[in-house]
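Anchor point for the sequence shown: position 130 equals 136 in our numbering, and the numbering is continuous, going up by one each time. By construction, the Cβ of each residue, glycine as well, lies at the ideal position given by its N, Cα and C atoms. All of these numbers come straight from a predicted model, not from anything done at the bench. Have a look at the structure below before the remarks.
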Amino acid sequence: MGGVESRQKLGERVTAARKKLQEDSKMQSELTTALRANSSSTLNFVLDRMEAAFDRFSPFLERSLLVAWSADSERCKGFALKACKKVLSAPIKETEYDWFKAYVLPSSVWLFETKQNDGFMYEELMAIVQRQSADIVNNMDSVFVHLEKHTKWSELMAIKNQSLIERQDNAKVGLLKEKGIQSVADEKDEEIRSFVDSHVAIQALTVTAKTIDREFQQYMGNVMSSYGEYAPGPTKKVERCLSKLENDYQAESYPKSAKLLDLVRCSVTFNTLEQLLTGYRALMSHMDRSSSDIKLARVKNGFLDKQYDGGYRDIKVNVIYHSQIPEHNNVSMICEVQLLLINYLEEKKKIHKLYSI
C-alpha cells in the first residue's frame with residue numbers, strides 16, 4: 007500500500023493508527039487491572055480461552071485479545087506466533103488461512119512493541135513469512151535443477167527473449183494518443199505530468215482493458231485450450247499499476263504508464279516440459295498467420311537467467327490483440343500470456359498468500 011501513497015498520507019495513517027492503539031491499550035490496561043484486582047479467575051479464563059481460540063483457529067473478539075495481552079503479553083505472543091507459523095506453513099489450508107486473514111492479521115497487536123530487539127510484533131510475523139517464503143523458493147529452485155537434466159532442456163534454452171514492441175503507445179498499438187494525455191507531454195510542471203500519467207492515462211488503459219478482456223479471453227482460450235489448462239487472469243488493479251509506475255518505470259519516458267503490458271492477461275499451465283514447448287510453438291505459429299488477431303510484441307523466458315534467485319519462473323509472451331468487435335472501434339492492446347509448468351504454479355499459489363500479508 008505504501009507504494010501508492012504519498013509520504014504525507016502514509017504518515018497521517020500511521021499517526022492515526024498509533025493514536026487509536028494508545029487509546030485502546032489504555033482502556034484495556036485499565037480493564038485488566040480491574041479484573042486482576044476483583045476477579046483474577048475471570049482474567050485467567052480469558053487467557054485460557056484466547057489460547058484455545060488460537061490453537062483451534064476459532065473466531066475471537068479483538069477486545070478479549072487485548073485484555074489477554076495486557077494480562078500476559080509473553081504468553082499471548084507465544085501462542086499467537088505459534089498459530090501464525092502453523093497457518094503459514096505449507097501446505098496452507100484455506101480454512102485456517104481465512105481465519106488468519108479475518109481475525110489475526112487485522113489485529114492491532116502487531117503494532118505492539120516486543121522485548122526482543124526493541125522491535126514490533128509485526129516484525130516477528132514478517133520473520134515467519136520470510137522463513138516460509140524461503141522454503142517455497144527453495145522448492146522452486148529444486149524444480150529448476152531438475153529441469154536442467156531434462157532431455158528437452160536445450161530446446162527450452164533456445165527460446166530467446168524478444169522485445170519488438172514494449173509500449174502501449176507504440177504506433178502499432180495506438181493507445182494513450184489522446185490529446186488530453188499528450189498535451190502535457192512537454193509540461194514543465196512535474197506534478198501535472200505525474201497526475202495525468204498516474205491517473206488519467208492509467209484510467210484510459212483500465213477502460214480499454216475492461217473493454218476487450220472478455221473478447222481476448224475467449225479468443226486465447228480457443229487458441230490455447232487444447233495444449234494446456236487455460237485460465238483467464240483478472241485485469242490488473244489500479245493500485246498495482248500505480249505501484250509499478252512508481253517502483254519500476256521511474257526512468258521511462260512520458261507517459262510511463264505505456265509500459266504497463268499486463269493489464270489484460272491469461273495463463274496456460276502444462277504438466278510437462280514437452281507440453282509447454284508444444285504450446286509455445288503453437289502460439290508463435292498462430293501469430294504468424296495472416297488471419298490471426300494477435301501479433302508478437304515481446305517474449306521473456308524466465309528460465310534463461312540462471313542467477314535469478316526469486317524461485318518462480320515462466321515464459322511470458324506479450325501479444326498485440328486487435329479487437330474484431332465493431333463497437334470497440336478497432337482498438338488494439340498489448341496483453342500477456344503466461345506459459346507455466348504445474349510444479350511452479352503449485353508453489354506460486356503458496357507464496358502468493360504470504361506476499362499478500
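Worksheet item: Nearest CA to the CA of Leu-53: which residue from Arg-81, Pro-240 and Arg-319?
Response: Of the candidates Arg-81, Pro-240 and Arg-319, the one whose C-alpha sits nearest the C-alpha of Leu-53 is Arg-81.
Practice prompt. Apply the 10 Å Cβ neighbour rule to Glu-331 and answer buried if 16 or more other Cβ atoms are within range, or exposed otherwise.
Written response: Correcting the residue identity first, residue 331 is Ile in this sequence and not Glu. Around the beta carbon of Ile-331, fewer than 16 other beta carbons lie within 10 angstroms, which makes this residue exposed.
Discussion item. So within the region 242 to 294, which uninterrupted alpha helix (DSSP H) runs reach at least 4 residues, ignoring any that extend past its ends?
Written reply: 244 to 253 and 279 to 294
Worksheet item: Whose C-alpha, out of Leu-310, Ser-169, Asp-311 and Gln-209, is nearest the C-alpha of Val-323?
Response: Ser-169
Worksheet item: Alpha carbon to alpha carbon, how far is Asn-50 from His-156?
Response: 60 Å
Discussion item. Need the endpoints of the alpha helix (DSSP H) that Ile-331 sits in, please.
Written reply: Careful: Ile-331 lies outside any alpha helix (DSSP H) and carries neither H nor E.
Practice prompt. On the DSSP bridge assignment, give the partners of Ile-321 in chain order.
Written response: Asn-307 and Leu-345
Worksheet item: Candidates Lys-83, Met-56 and Leu-282: which alpha carbon is nearest Arg-69's?
Response: Minimum Cα distance to Arg-69 is reached at Met-56.
Worksheet item: Which value, in whole angstroms, describes the spacing of the CA atoms of Glu-280 and Met-290?
Response: The alpha-carbon of Glu-280 is positioned some 16 Å away from that of Met-290.
Worksheet item: Can you tell which of Val-151, Lys-99, Pro-97 and Glu-129 has the C-alpha that lies nearest to the C-alpha of Lys-83?
Response: Glu-129
Discussion item. Would the region 144 to 159 count as touching the region 296 to 307 if we require 3 or more Cβ pairs under 8 Å?
Written reply: no
Fill in: Residues near Ser-362 by beta carbon distance below 7 Å, same chain, minus five either side
none
Practice prompt. Go through its chain and collect everything with a Cβ distance to Phe-85's Cβ below 6 Å, but skip five positions before and after it.
Written response: Glu-57 and Phe-60
Worksheet item: With DSSP run on the structure shown, which of helix, strand or coil describes Leu-67?
Response: coil
Worksheet item: Would you call Lys-166 buried or exposed, if buried means 16 or more other Cβ atoms sit within 10 Å of its Cβ?
Response: exposed
Worksheet item: beta strand (DSSP E) containing Glu-235: first to last residue?
Response: 235 to 238
Worksheet item: How about the region 264 to 284 and the region 236 to 250: do they share at least three Cβ pairs that are nearer than 8 Å?
Response: yes
Worksheet item: Counting Cβ pairs closer than 8 Å, one from the region 253 to 261 and one from the region 192 to 208, do we hit at least three?
Response: yes
Worksheet item: Based on Cα-Cα distance, which residue from Asp-311, Met-339 and Ala-177 lies nearest to Thr-212?
Response: Met-339
Worksheet item: Ser-273 and Leu-346: beta carbons closer than 8 Å?
Response: yes
Worksheet item: Grouping DSSP H, G and I as helix and E and B as strand, with all else coil, what is Ser-298?
Response: coil
Item to complete: Take the Cβ of Phe-201 as the centre, count every other Cβ of all protein chains shown within 10 Å, and call the residue buried at 16 or more, exposed below.
Response: By the neighbour-count rule (16 or more Cβ atoms within 10 Å), Phe-201 is not buried but exposed.
Discussion item. Output needed for Ser-95: all residues of its chain with C-beta closer than 7 Å, excluding positions within five of it in sequence on either side, in chain order.
Written reply: The beta carbon of Ser-95 sits closer than 7 Å to those of Gln-138, all from its chain and outside the five residues before and after it, given in chain order.
Fill in: Whole-angstrom distance between Phe-276 and Leu-365, CA atom to CA atom
Any property of residue 365 remains undetermined from this structure, which presents the chain solely from 7 to 363.
Discussion item. For Thr-217 and Val-337, which I take to be in contact (beta-carbon distance under 8 Å), what is that distance rounded to the nearest angstrom?
Written reply: 7 Å
Item to complete: Any chance you could list the alpha helix (DSSP H) runs of at least 4 consecutive residues sitting entirely within the region 59 to 115, in chain order?
Response: 68 to 77, 79 to 93 and 100 to 105
Worksheet item: Does the beta-carbon of Ile-357 have 16 or more other beta-carbons within 10 angstroms, so that it is buried, or is it exposed?
Response: buried
Discussion item. Quick check: what's the CA-CA separation for Tyr-314 versus Asn-307?
Written reply: 12 Å
Item to complete: Can you check DSSP and say which residues form a bridge with Gln-168?
Response: Note: Gln-168 sits in a beta bridge opposite Val-305.
Worksheet entry | Nearest neighbour of Glu-161, chosen from Arg-295, Lys-354, Gly-285 and Ser-35 [CA to CA] | Gly-285
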